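What follows is a single structure, written as structure tokens, with notes after it.
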Amino acid sequence: MVVTKQGSVRGTIVDGLSVTLGIPYAAPPFGAGRFRAPMPAAPWEGTRACTRFGPVAPQSAELPGAPVWRPDLEDVLSLNVWSAAEGSGPRPVLFWIHGGAYTFGSSAQPDYDGTALARAGLTVVTCNYRLGFEGFGHVPGFPDNRGLLDQIAALEWVRDNISAFGGDPDNVTVAGQSAGGGSIACLMSSPRAEGLFRRAVVHSVPDATFPAGFAGALTREVADEAGVAPTAQGLLSASPQALVEASDRVVARYADDPSSGFLHYDTVLYGPVLDGETLTRDPLDALADGAGRAIDLLVCHTTEEYRLMHEVGSMPSVTTEDGLARFAADYGLPEDLLAEYRALMPGAVVLDIFLALAGDAVFAAHTVRLAEAHARAGGRTHLSRFDRRRTRPDGSPVHAWHAADVPFVLGTLDATGVDFLTGGPADADDRALSQRMIRALVAFASTGEPGWAPLTDASAPTAPVQVWAVPEDRSEGALAAHALFHDVRSSPPAPW
Numbered sequence: 003m004v005v006t007k008q009g010s011v012r013g014t015i016v017d018g019l020s021v022t023l024g025i026p027y028a029a030p031p032f033g034a035g036r037f038r039a040p041m042p043a044a045p046w047e048g049t050r051a052c053t054r055f056g057p058v059a060p061q062s063a064e065l066p067g068a069p070v071w072r073p074d075l076e077d078v079l080s081l082n083v084w085s086a087a088e089g090s091g092p093r094p095v096l097f098w099i100h101g102g103a104y105t106f107g108s109s110a111q112p113d114y115d116g117t118a119l120a121r122a123g124l125t126v127v128t129c130n131y132r133l134g135f136e137g138f139g140h141v142p143g144f145p146d147n148r149g150l151l152d153q154i155a156a157l158e159w160v161r162d163n164i165s166a167f168g169g170d171p172d173n174v175t176v177a178g179q180s181a182g183g184g185s186i187a188c189l190m191s192s193p194r195a196e197g198l199f200r201r202a203v204v205h206s207v208p209d210a211t212f213p214a215g216f217a218g219a220l221t222r223e224v225a226d227e228a229g230v231a232p233t234a235q236g237l238l239s240a241s242p243q244a245l246v247e248a249s250d251r252v253v254a255r256y257a258d259d260p261s262s263g264f265l266h267y268d269t270v271l272y273g274p275v276l277d278g279e280t281l282t283r284d285p286l287d288a289l290a291d292g293a294g295r296a297i298d299l300l301v302c303h304t305t306e307e308y309r310l311m312h313e314v315g316s317m318p319s320v321t322t323e324d325g326l327a328r329f330a331a332d333y334g335l336p337e338d339l340l341a342e343y344r345a346l347m348p349g350a351v352v353l354d355i356f357l358a359l360a361g362d363a364v365f366a367a368h369t370v371r372l373a374e375a376h377a378r379a380g381g382r383t384h385l386s387r388f389d390r391r392r393t394r395p396d397g398s399p400v401h402a403w404h405a406a407d408v409p410f411v412l413g414t415l416d417a418t419g420v421d422f423l424t425g426g427p428a429d430a431d432d433r434a435l436s437q438r439m440i441r442a443l444v445a446f447a448s449t450g451e452p453g454w455a456p457l458t459d460a461s462a463p464t465a466p467v468q469v470w471a472v473p474e475d476r477s478e479g480a481l482a483a484h485a486l487f488h489d490v491r492s493s494p495p496a497p498w
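Just so you know, we're using the working numbering here: the sequence shown kicks off at 3 and counts up by one.
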């Protein structure tokens, strides 16, 4: 039993670890709290049993091993803690923010289990936050970025309560992948999150923040699809389920229309909004001007990010030269960049060039840019790259694609559904790689030093990079395919 500021909670002891699941950190964000900033969780009497993950935020996704959204379960703002059942403290805290295109996912996904990192010496926290329209849709008269505000509320809970679990509130590292990494870039640049964490670990950060006009235009499309007015009253009259379903129909329309601009390739309707309050500037620009300078930063990206999107069919296949040219134009990429990728990949088919270009444009180049901007502004930054590859028994390749690094760094190689991300059951080389990545993460969260030299202003863009691979890791300069983006920042025009 642990006493928090809201009341006592009881978890379970599993192999020497204390596991406490589904702790409310804020009130259910529905009814009077819908579309508002998170409100404090109501205190309770007695001891609350916290032995199951809390309900997930509204979404249509059904992910392996994870619960699905149920409209009748509204207490979606909860978090989970893995900590040492006994022993000296306080321990460094790792606060993990899940990914999922700001639209789906939850802390209950098996690959986000905190057991391995807790055994390695950390106190681990994972949390749910509002997603999709509920978390990031623009509602006139209500705060934008409600999902980010939820994350800030969860970090405030950590500040106020984690010492009771043996964690050190003065040594908190936030970590996350994809939308989780993008959230952290926003938190680093937001005054509202200042002082809540000391270090940050970001994996595969998407280049995706939405101007207010962009978010407002998407709201009008979703509201029209839901059959309501794009006003506060109209949107409140639509149930969360109705807005989830309307969003899915808008996504399908963009995916089916090759003339719809960049949203045809990357149908993510929601993300952090440049609202002038929680997020006053694009995180890349803010970090370049010194925001988050005092925060140690560790970044990682995979070498074949977009291979995952192709595998799961979440983006169209570009297989012709005309299609490739249209993609570049829709993303605002210069023609000479296409020529450079062709030269870098002699003999490659158009699909392979497209996947390399798209993965670098959306994830890899932006992730490295964040690192360089942070370092040039005086921050301490370390670079890493995930390039683990294998061959299946049938001879087909296993790619180092988006999210493949997560089960390695979190130590969840045997979790339900992970064999899809990793290309099959883990072998001895995989387990050794996972242990190396865990050691680096624990060292960074503890001291700010993962085990290789940091990026400096003078070394960019050829700084030392830790490359995670099998059977052994290697170190190399920062130059890679995405380095061709060094002087290019994609600026896709809005499709309306």
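Glycine included, each C-beta is placed from N, C-alpha and C at the ideal position. Because the structure is a prediction, the values reported are computed rather than measured.
Residue i and residue j closer than 9 angstroms at C-beta
i: residue 219; j: residue 236; result: no
i: residue 177; j: residue 141; result: no
i: residue 113; j: residue 420; result: yes
i: residue 195; j: residue 154; result: yes
i: residue 139; j: residue 217; result: yes
i: residue 166; j: residue 6; result: yes
i: residue 318; j: residue 399; result: no
i: residue 62; j: residue 247; result: yes
i: residue 424; j: residue 431; result: no
i: residue 350; j: residue 358; result: yes
i: residue 286; j: residue 161; result: no
i: residue 132; j: residue 73; result: no
i: residue 300; j: residue 386; result: yes
Selection from the options that minimises the alpha carbon distance to residue i
i: residue 273; options: 105, 468, 280, 282; result: 105
i: residue 288; options: 101, 373, 19; result: 373
i: residue 56; options: 436, 329, 457, 107; result: 107
i: residue 193; options: 282, 315, 415; result: 282
i: residue 134; options: 92, 259, 37; result: 37
i: residue 26; options: 324, 69, 78; result: 78
i: residue 100; options: 248, 172, 206; result: 206
i: residue 271; options: 252, 187, 158; result: 252
i: residue 456; options: 376, 70, 23, 394; result: 376
i: residue 163; options: 10, 367, 350, 384; result: 10
i: residue 23; options: 198, 58, 161; result: 58
i: residue 92; options: 122, 173, 238, 315; result: 173
i: residue 394; options: 426, 384, 66; result: 426
i: residue 320; options: 303, 360, 291; result: 360
i: residue 198; options: 229, 182, 159; result: 159
i: residue 98; options: 476, 245, 185, 328; result: 185
C-alpha gap between residue i and residue j, whole angstroms
i: residue 298; j: residue 379; result: 12 angstroms
i: residue 190; j: residue 266; result: 30 angstroms
i: residue 75; j: residue 428; result: 36 angstroms
i: residue 402; j: residue 388; result: 7 angstroms
i: residue 242; j: residue 309; result: 32 angstroms
i: residue 90; j: residue 422; result: 38 angstroms
i: residue 83; j: residue 263; result: 42 angstroms
i: residue 3; j: residue 454; result: 40 angstroms
i: residue 213; j: residue 137; result: 16 angstroms
i: residue 221; j: residue 169; result: 41 angstroms
i: residue 495; j: residue 179; result: Residue confidence for residue 495 is low, a pLDDT of 48 falling below 50, so the modelled location carries little weight and cannot support an answer.
i: residue 276; j: residue 188; result: 10 angstroms
i: residue 412; j: residue 471; result: 16 angstroms
i: residue 16; j: residue 440; result: 20 angstroms
i: residue 269; j: residue 49; result: 44 angstroms
i: residue 323; j: residue 31; result: 47 angstroms
Identity of the residues DSSP links to residue i by a beta bridge
i: residue 478; result: 467
i: residue 179; result: 205
i: residue 169; result: 93
i: residue 81; result: 25, 129
i: residue 99; result: 129, 178
i: residue 212; result: 275
i: residue 388; result: 304, 470
Cutoff 7 angstroms; reference residue i; Cβ partners in own chain excluding five residues on either side
i: residue 151; result: 39, 40, 145, 280
i: residue 355; result: 326, 343, 344, 347
i: residue 14; result: 21, 53
i: residue 498; result: Because the pLDDT at residue 498 is just 43, under 50, the model does not fix this residue reliably, and the value given afterwards should be weighed accordingly. These residues qualify, in order along the chain: 219.
Same chain, Cβ closer than 6 angstroms to residue i, five either side skipped, listed in chain order
i: residue 129; result: 81, 109, 156
i: residue 126; result: 84, 96, 116, 119, 120
i: residue 18; result: 87
i: residue 340; result: 330
i: residue 295; result: 379, 380, 381
i: residue 448; result: 94
i: residue 232; result: 221, 222, 225
Own chain partners of residue i with C-beta closer than 8 angstroms, once the 5 adjacent residues on each side are dropped
i: residue 35; result: 29, 41
i: residue 451; result: 445
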